[in-house]
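Encoded as structure tokens, the structure appears first; notes follow it.
Residue numbers (our numbering): 1406 to 1589.
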């Protein structure tokens, strides 16, 4: 089995990180892998905001939790609290992917890009967890402030995020559900 397939099969969602910052080389490789992501009709309508400032990560984290609370989504608030109380799990890096509001395929392209980042992180010995729940904060009262804080280009919207860092835990694979696949 080659390294690419091994990375796909071995990668796990990690929800506990060591506080160690990523090296400049790790950041550079992740940035390059993000920008190498394929896109529909090569539109490249995404934008990546790499955040290592833990104050900004905590700010977004708080805004997400406030959005869930404001919407009365107590189940999600309790789930996050049961997993340490933070959306980004104290990871030293959060990457926010935004896409052009007018792009037909922007969110699909962002999904492809976030998987590139997850696999690249794994290949560097880092852990990651893909985070879609941030969308709650980008639909509420904090949306404009967060978009400016994260330097989203004009006419861009939040698509997806990922937390990345040195794992402070191990995790077993979830069972594979072969019933979710068919051949025709």
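Every residue gets a Cβ at the ideal spot worked out from N, C-alpha and C, and that includes glycine.
In the pairwise beta carbon analysis, the stretch 1541-1548 is classified as not touching the stretch 1422-1436: fewer than three pairs are separated by under 8 Å. About 4 Å separates the Cβ atoms of residue 1502 and residue 1515, confirming a contact at the 8 Å cut-off. Residue 1505 carries a strand assignment under DSSP once its states are collapsed to helix, strand and coil. Per DSSP, residue 1589 lies in no alpha helix (DSSP H) and is assigned neither H nor E. About 7 Å separates the Cβ atoms of residue 1539 and residue 1492, confirming a contact at the 8 Å cut-off. Taking the Cα positions, residue 1441 is about 10 Å away from residue 1434. In the displayed model, residue 1477 falls within coil according to three-state DSSP, outside both helix and strand. Looking at 1568, 1480, 1519, the one whose alpha-carbon comes closest to that of residue 1534 is 1568. For the set 1421, 1451, 1528, 1474, the Cα lying nearest the Cα of residue 1489 is the one of 1421.
Membership of residue 1579 in any alpha helix (DSSP H) is not indicated, and neither H nor E is assigned to it by DSSP. Taken in chain order, the complete beta strand (DSSP E) segments of 3 or more residues contained in the stretch 1505-1561 are 1532-1536.
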